[in-house]
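**Q** Here my numbering is used: the first residue of the sequence shown is 1192, the next is one more, and so on.
Below is one structure. I have some questions about it.
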Amino acid sequence: YVTVTLLDIPAEVTSESPKVYFTKTEIDFGIKQQGDTVNVQFPIQNQGQSALRLKKVFGNCNCIRVNLEKDLLSPGESTYISVRFLTHDRLGNQEKTVTIFTDDPQKPVAILTLKGRLRGPRN
């Protein structure tokens, strides 16, 4: 279980508030072999009028590693949330999530989903 905790600053809802936007909230990695490492990136953008803070990000499994390029986005700025799924000891259909806490008053929590299928190891 990996948790990244960042500064918690409450925000009020105003026209000047930050606004989190994800171009995609789900990625299907297809079919992989057990033991492969799956790396994906979720684009994130601040479409608001003030800075957006990514306060806390964590995966729902100790097999998920999360990396933030930036934790503070200026208005209009974009970045990526990089997710690494370590697939050893896993088989079949997989669905893992990453939860993000932001200071966007309209969407303080977002959930990103990574899914796919794992086949047995190569012989």
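For glycine and all other residues, C-beta sits at the position ideal for the given N, C-alpha and C.
(1) Using only the alpha-carbon positions, how far apart do residue 1194 and residue 1289 sit?
(2) Using a threshold of 7 Å, is the CB atom of residue 1289 nearer than that to any non-hydrogen atom of the ligand MG?
(3) Closest by CA to residue 1208, which one among 1215, 1243 and 1226?
(4) What did DSSP end up calling residue 1306 once you bin it into helix, strand or coil?
(5) Taking three-plus beta-carbon pairs below 8 Å as touching, is the region 1277 to 1296 in contact with the region 1231 to 1247?
(6) So is residue 1298 buried or exposed if we call it buried at 16+ other beta carbons inside 10 Å?
(7) Taking residue 1259 as the reference, which of 1251, 1232 and 1225 has the closest Cα?
**A** According to the structure shown:
(1) Caution applies to residue 1194, whose pLDDT of 46 falls short of 50 and renders its modelled position unreliable; the model cannot decide the point.
(2) For the ligand MG, the structure offers nothing, since it holds no ligand at all.
(3) Here the closest residue by C-alpha is 1243.
(4) Assignment of residue 1306 by DSSP, reduced to helix, strand and coil, places it in the strand class.
(5) With a cut-off of 8 Å, the region 1231 to 1247 and the region 1277 to 1296 count as touching, because enough Cβ pairs lie within range.
(6) The residue in question, residue 1298, is exposed, as its Cβ has fewer than 16 Cβ neighbours within 10 Å.
(7) Per the Cα distances, 1232.
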